[in-house]
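Participant:
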Amino acid sequence: MDSRGYFLVISLLALMSRNLSFANYVECELNGEFEVPLRSGGKYIIQGSVFMADYSRDASVYIYPDTNLVNFVFHNFSTFFTGMMTLPRNRNVASKHLITWGDMGELIGIGELKNAIDEDSMILRHHVFLPGKRSVSKNLPVPVRVKIEELAEMCLRQYVCKDLNSVRPDQLKVGDSDQFGPVSVYSPSVSVIMAQELPVCPIKKKISQENANGLVDHAVEYFVEKIRQKKLRELNVPDTTKEFSFDNGMFVTNGIFKAMNGKFGDLKTLRRRGNAKYVIDGEKHTITSDLEIPNAILKYQNYKLTYGIDIDGKLEVKLGDVTVTGAIEVDFAETPCTFFVKSVKISDFENPTVDATGIGPLSGMIPRIISWVSNDWKKDIIRKVEIEVTKYAQRVVQNIDCDQFRNKISKLF
């Protein structure tokens, strides 16, 4: 076992000796290798670095009457760092030294409390302060120690985010303004820290299935109402043209079929189909759902069929129930925040039927007409409808009050 592996074993034994739950143990590889520049122009190079920590994950959160800033404390905190440091002179093997660093005590932090006190709260923006009761190896230069502490705080941040994502009422305590000294929420230095753009913790809370479905139903109602107001129940679709020929063994007969001035609908019958999916990733919210247009129809105002004789009329293709899968995204971290239609996908259909006026003597062509229209639906019409629905949906969602929606969502957690 090399020196680094030996130190890892010793560190793990030290963590276990504190009689804490070993499930609380966390480890970060701090970029694998990092550099610490010196004023003289040289630099220290640290390789194979590992940061380990253990602490009681049930934080105490101290609240104050006149601010949403809080102090939080993770008890029984201990941490260790190890790595191989190359001295500034050269990078040969002989110049490498094992370095170690440790800290223990209480991990104290400041943050912003989100949500009401009488329900689970969360702390989104925060900053942690290492305890300062350090055990530092003799060969650890000050610039390297400062860099290690910075990286350690970065590593801890992701775990602290998870632990502060749901703060129960029994974790909340009334704080004393003098209790935390220089890291109190009232300290001038803390005000400077909180004024910075601190990372926002990802929100892992979930919205109930009932609420997710309710949001989609409300959005669909809003969308359909706008369709009614604008009288956009149908969308224009591309013309369809098909040249064909039949060979009966004796001679070849050519023909041509055209369907023009087509429309797809009825969009005002749109409704949710199945359960919606609401995903929260930090400040980015995405809701996805299958929607349904029951008894969807493709109507062509004009068609022409030339096959020995010329006939024309109107064409109606009944598609049955067509599924539309839509996804809408909003990033509340943006200023101003806006909704974005992420995707609209329209499904295929099964067993369409065709009604054609004036087809009379060429009614035997209907199966082929169905095939032509179906193929064009798959190749061109679906994409055209998807683009038009996306464009119109984007215009609709841009008019939604994002802040009002944010307030509504916050009440559903």
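Numbering (this note's numbering), first residue to last: 58 to 470.
C-beta atoms are modelled at their ideal positions from N, C-alpha and C, and glycine is treated no differently.
Would you give the residue range spanned by the beta strand (DSSP E) that T414 belongs to?
Facilitator: Neither: T414 is in no beta strand (DSSP E) and is coded neither H nor E.
Participant: Unbroken alpha helix (DSSP H) runs of length 4 or more, entirely within the region 210 to 269: which are they?
Facilitator: List check, alpha helix (DSSP H) in window: 245 to 251.
Participant: Give me, in chain order, the residues of the same chain whose beta-carbon lies closer than 6 Å to that of A269; leave out the 5 immediate sequence neighbours on both sides.
Facilitator: These residues qualify, in order along the chain: A333, Y335.
Participant: Taking a contact to mean a Cβ-Cβ separation below 8 Å, would you say V442 touches I385 in this structure?
Facilitator: Not in contact: V442 and I385 (Cβ atoms no closer than 8 Å).
Participant: Could you tell me which whole beta strand (DSSP E) segments of length 3 or greater appear in the region 269 to 338?
Facilitator: Runs of the beta strand (DSSP E) inside the region 269 to 338: 292 to 294, 297 to 304, 309 to 322, 334 to 338.
Participant: Given a cut-off of 8 Å on the beta-carbon distance, is the pair G416 and G370 in contact?
Facilitator: A small fix is needed here, since residue 416 is Ile in this sequence, not Gly. Yes, the pair counts as a contact, with Cβ atoms nearer than the cut-off.
Participant: By a C-beta neighbour count over all protein chains shown, 10 Å radius and 16 as the cutoff for buried, is H342 buried or exposed?
Facilitator: The residue in question, H342, is buried, as its Cβ has 16 or more Cβ neighbours within 10 Å.
Participant: Taking a contact to mean a Cβ-Cβ separation below 8 Å, would you say L221 touches F108 in this structure?
Facilitator: Not a contact, by the Cβ cut-off of 8 Å.
Participant: Tell me whether the region 420 to 430 and the region 125 to 134 touch, counting them as touching only if at least three CB pairs, one residue from each stretch, are closer than 8 Å.
Facilitator: Counting Cβ pairs under 8 Å, fewer than three are found: no touch.
Participant: Mind checking T124: buried by the 16 CB within 10 Å criterion, or exposed?
Facilitator: With fewer than 16 Cβ atoms within 10 Å of its Cβ, T124 is classed as exposed.
Participant: What I want to know is whether the C-beta of N456 ends up closer than 7 Å to one or more non-hydrogen atoms of the ligand NAP.
Facilitator: Questions concerning the ligand NAP fall outside what the structure shown contains, since it holds no ligand whatsoever.
Participant: Does the beta-carbon of L170 have 16 or more other beta-carbons within 10 angstroms, so that it is buried, or is it exposed?
Facilitator: It counts as buried.
Participant: May I ask you to report which of helix, strand or coil DSSP gives F389?
Facilitator: Looking at F389 - three-state DSSP - the assignment turns out to be coil, as it is neither helix nor strand.
Participant: Just the Cα atoms here: how many angstroms apart are P200 and V240?
Facilitator: So the alpha carbons of these two residues sit roughly 23 Å apart.
Participant: Taking K341 as part of the beta strand (DSSP E), name the residues at either end of that continuous run.
Facilitator: Per DSSP, K341 belongs to the beta strand (DSSP E) from 341 to 364.
Participant: Using the Cα positions of K361 and S302, report the straight-line distance between them to the nearest angstrom.
Facilitator: Those two C-alpha atoms are separated by around 16 Å.
Participant: Going by DSSP in three states, G421 sits in which element: helix, strand or coil?
Facilitator: Here G421 sits in helix by DSSP.
Participant: Taking all protein chains shown into account, decide if T414 is buried (16 or more other Cβ within 10 angstroms of its Cβ) or exposed.
Facilitator: Its Cβ having fewer than 16 others within 10 Å, T414 is exposed.
Participant: One question on the structure: do R328 and E300 come within less than 8 Å of each other, judged by their Cβ atoms?
Facilitator: For R328 and E300, no; Cβs fall outside 8 Å.
Participant: Determine, using beta carbons only, whether G166 and F186 come nearer to each other than 8 Å.
Facilitator: Yes; because the gap between Cβ atoms is below 8 Å, this pair is in contact.
Participant: Using DSSP's beta-bridge definition, name the partner residues of D433.
Facilitator: Looking at the DSSP assignment, D433 forms no beta bridge with any residue, so it has no partner.
Participant: Quick one: grab the DSSP three-state call for R463.
Facilitator: The answer is helix: DSSP assigns R463 an H, G or I state.
Participant: Distance check for F389 and R463, CA to CA, integer angstroms please.
Facilitator: Cα to Cα, the separation comes out at about 8 Å.
Participant: Can G162 and R182 be called in contact, C-beta distance under 8 Å?
Facilitator: Taking 8 Å as the Cβ cut-off, G162 and R182 do not qualify as a contacting pair.
Participant: Quick check on A80: does DSSP put it in helix, strand or coil?
Facilitator: Legend: pLDDT at A80 = 45, less than 50; position of this residue unreliable, value from coordinates given subsequently. If DSSP states are grouped into helix, strand and coil, A80 belongs with the helices.
Participant: Count the C-beta pairs between the region 304 to 318 and the region 278 to 292 that are closer than 8 Å, then say yes if the count reaches three, no if not.
Facilitator: Flag = no, the region 304 to 318 and the region 278 to 292 do not touch.
Participant: Going by beta carbon distance, what residues of the same chain come within less than 6 Å of T345, once the five residues before and after it are set aside?
Facilitator: Correct list, in chain order: K334, A384.
Participant: Where does I457 sit, in a helix, a strand or coil, going by DSSP?
Facilitator: If DSSP states are grouped into helix, strand and coil, I457 belongs with coil.
Participant: Beta carbon of V398, beta carbon of V454: below 8 Å?
Facilitator: In this structure, V454 lies closer than 8 Å to V398 by Cβ.
Participant: In the DSSP assignment, find the beta strand (DSSP E) that holds G98 and state where it starts and stops.
Facilitator: Premise fails: G98 is in no beta strand (DSSP E) and is neither H nor E.
Participant: If the criterion is Cβ atoms closer than 8 Å, does the pair L126 and M251 meet it?
Facilitator: Cβ atoms of L126 and M251: closer than 8 Å.
Participant: Apart from the five residues on each side of it in sequence, which residues of its chain come closer than 7 Å, Cβ to Cβ, to E340?
Facilitator: Only V257, D388, F389, A390 meet the Cβ criterion.
Participant: Report yes if the CB atom of E450 is closer than 8 Å to the CB atom of V401, and no otherwise.
Facilitator: It should be pointed out that residue 450 corresponds to Ala in this sequence rather than to Glu. Cβ atoms of A450 and V401: closer than 8 Å.
Participant: Leaving out five residues on either side along the sequence, give the residues of the same chain with a beta carbon under 8 Å from the beta carbon of G331.
Facilitator: Counting only Cβ-Cβ distances below 8 Å, and skipping sequence neighbours, we find S346, D347.
Participant: Using CA coordinates, which residue listed in F237, I438, G322, C85 is at the minimum distance from I354?
Facilitator: The residue with the shortest Cα to Cα distance from I354 is G322.
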